[in-house]
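All remarks here apply to the structure that follows.
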Amino acid sequence: MTQNKTYIHDYITIQNNEIVLNGTSVFKIDPTDFADFSKQAYRNFEIQYPKFFKMDALSKLAFLGSELLLSPITVADKENNIALILANKSSSLDTDVKYQESLSNKEDYFPSPAVFVYTLPNICLGEISIRHQLKSENSFFIFDAFNPEFMSNYSNILLNSNKADVVLCGWVEFFNDNYKAFLCTISSEENLKHKNETINTLYNK
Amino acid sequence: MEALKAELKNKIIATLNLEDIAVEDIADNDPLFGDGLGLDSIDALELIVILDKDYGIKLVDPKEGKTIFQSIETMAAYISANRTK
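Protein chains in written order, with my numbering: chain A, 1 to 205; chain B, 1 to 85.
Okay, here's the thing in structure tokens:
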């Protein structure tokens, strides 16, 4: 397998009511909860995708991050070979707890199918794939903390084995309204913008 | 019946998180699925839960849903005829 050099192209961080794209704040509002923040972000970027409002918080977080990175590089009606590798610490626990609560009262036992479908963390990968018509490789991992070395190695393997033209990888953590998303796109195409920066330095910016 | 139709529209908007749709946007005979409101299969399951939870109707044959959930009009008619609460 040829080992081509790979490059970070664009990156995004979402936390503390702010979205930072390639180091520049592109959306920031006064402190509020994630439900309100995500709705305002959706309106701000004039996204037209009503299914967004049906998603759980983890999927909304992953969707918003991927939307700003992938929309400029995906082409409708064309196969976009973009692999997705995401990870977090709390899996889908935020939604799992909500679903468990809906099962706990035997006298009022009406669990919601719409909540149930989000009781797996990798559902957010499906949401991104549906939105951008991706039929490419995707994986979701659970780690104690963000693992940039793993992300970098996995991305390089996918790119060097021609399994993907671009990799979207990163961290999407959500539990009890505490959240952080860090996503970046990586490809073999040379990019001077982040030439000497690593996933880890961008994550910690 | 008109009050029930309005109630159903409000419940559907709230339960199915139809953020960009108002009660006035839903005509009584608009299809709920396909070209109408564009509901999907998970939404259909939520409608079954609404029937059970709010009107005491348990659908024994899921195929019935296709007829019942055609529109607000058909839903309201079915609920009026079969509700236990």
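Here a beta-carbon is modelled for each residue, glycine too, at the ideal position from N, C-alpha and C.
Here the structure is a predicted model, which is why all the values come from computation and not from measurement.
Under 7 Å, do residue i and residue j count as touching if we go by C-beta distance?
i                      : j                      : result
residue 69 of chain B  : residue 18 of chain B  : no
residue 134 of chain A : residue 88 of chain A  : no
residue 136 of chain A : residue 166 of chain A : no
residue 128 of chain A : residue 158 of chain A : no
residue 174 of chain A : residue 57 of chain A  : yes
residue 50 of chain B  : residue 11 of chain B  : yes
residue 25 of chain B  : residue 72 of chain B  : no
residue 43 of chain B  : residue 50 of chain A  : no
residue 16 of chain B  : residue 46 of chain B  : yes
residue 199 of chain A : residue 148 of chain A : yes
Since residue i is in the beta strand (DSSP E), which residue starts that stretch and which ends it?
i                      : result
residue 167 of chain A : 166-175
residue 10 of chain A  : 7-15
residue 97 of chain A  : Here residue 97 of chain A belongs to no beta strand (DSSP E); instead the alpha helix (DSSP H) covers 93-103.
residue 18 of chain A  : 18-21
Going along the chain, which residues of its own chain have a beta-carbon closer than 7 Å to the beta-carbon of residue i, five neighbours each way excluded?
i                      : result
residue 1 of chain B   : 76, 80
residue 197 of chain A : 8
residue 66 of chain A  : 128, 168, 183
residue 41 of chain A  : 19, 27, 64
residue 67 of chain B  : 74
residue 52 of chain A  : 42, 60, 63
residue 83 of chain B  : 55, 56, 57
residue 59 of chain B  : 48, 51, 65
Leaving out five residues on either side along the sequence, give the residues of the same chain with a beta carbon under 8 Å from the beta carbon of residue i.
i                    : result
residue 6 of chain B : 23
Near residue i, what residues of its chain come up, given a Cβ to Cβ distance below 6 Å and the 5 sequence neighbours on each side ignored?
i                      : result
residue 182 of chain A : 13, 170, 171, 203
residue 74 of chain A  : 80, 132
residue 39 of chain A  : none
residue 138 of chain A : 84, 125
The alpha helix (DSSP H) spanning residue i covers which residue range?
i                      : result
residue 201 of chain A : 199-203
residue 42 of chain A  : 34-44
residue 155 of chain A : 148-160
residue 61 of chain A  : 57-70
residue 3 of chain B   : 2-15
residue 74 of chain B  : 72-82
residue 116 of chain A : 113-116
residue 49 of chain B  : 41-55
Our contact map puts residue i next to residue j with C-beta atoms below 8 Å; I'd like the distance itself, whole angstroms only.
i                     : j                      : result
residue 15 of chain A : residue 180 of chain A : 4 Å
residue 10 of chain A : residue 86 of chain A  : No, residue 10 of chain A and residue 86 of chain A are not in contact; Cβ-Cβ is about 16 Å, not under 8 Å.
residue 17 of chain A : residue 6 of chain A   : In fact, because the Cβ distance is near 32 Å, the residues do not count as touching under 8 Å.
* Touch test, the region 93-108 of chain A against the region 31-48 of chain B, Cβ-Cβ under 8 Å, three pairs minimum -> no
* **Stretch pair the region 148-157 of chain A + the region 115-131 of chain A: three plus CB contacts closer than 8 Å** => no
* To do: Check whether the region 17-26 of chain A touches the region 47-62 of chain A, taking contact to mean three or more Cβ pairs, one atom from each stretch, closer than 8 Å.
  => no
* Does the region 101-118 of chain A come close enough to the region 155-169 of chain A that 3 or more CB-CB pairs lie under 8 Å? -> no
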